[in-house]
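Numbered by the working numbering, the letters in the sequence shown go through residues 32 to 122 in order.
Yeah, the Cβ is synthetic: ideal placement off N, Cα and C, and Gly gets one too.
Reading through the structure tokens given below for one structure.
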Amino acid sequence: MNSIKIPFAPISKPMEASAGKTGLWRFLRPEIDVQRCIKCGICWMYCPDAVIVLDEEGVPHIDYEYCKGCGICANECPVKAIKMVREEGKP
């Protein structure tokens, strides 16, 4: 049986479209506790908008200009190092 190889990387990169920088839409933002993070990359793999990048040490960083605050990264984090917090100035 042949297996299908799936790339281990996001397919697209965030970019400004006609809607502009989409991070302005969110009410909640993910914040990473780097002391708790185990650098597994699961948040990076699951981010539907590819706004999480891993630095050379494997620490995730979020591009808040395009993050929509969906919370998938926080939900998938196995050690709960990502918390969703309310954006300032939002109801």
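Rounded distance between the beta-carbons of Y95 and D80, thought under 8 Å: With a Cβ gap of about 11 Å, D80 and Y95 do not count as contacting.
Buried versus exposed call for P61 [16 or more other C-beta atoms within 10 Å across all chains shown]: buried
Same chain, Cβ closer than 6 Å to K114, neighbours up to 5 away in sequence not counted: E62
Length at least 3, wholly inside the region 53 to 105: the beta strand (DSSP E) runs in chain order: 59 to 63, 83 to 85 and 91 to 93
Distance, D86 Cα to C101 Cα: 22 Å
Check whether C104 and C78 have beta carbons under 8 Å apart: yes
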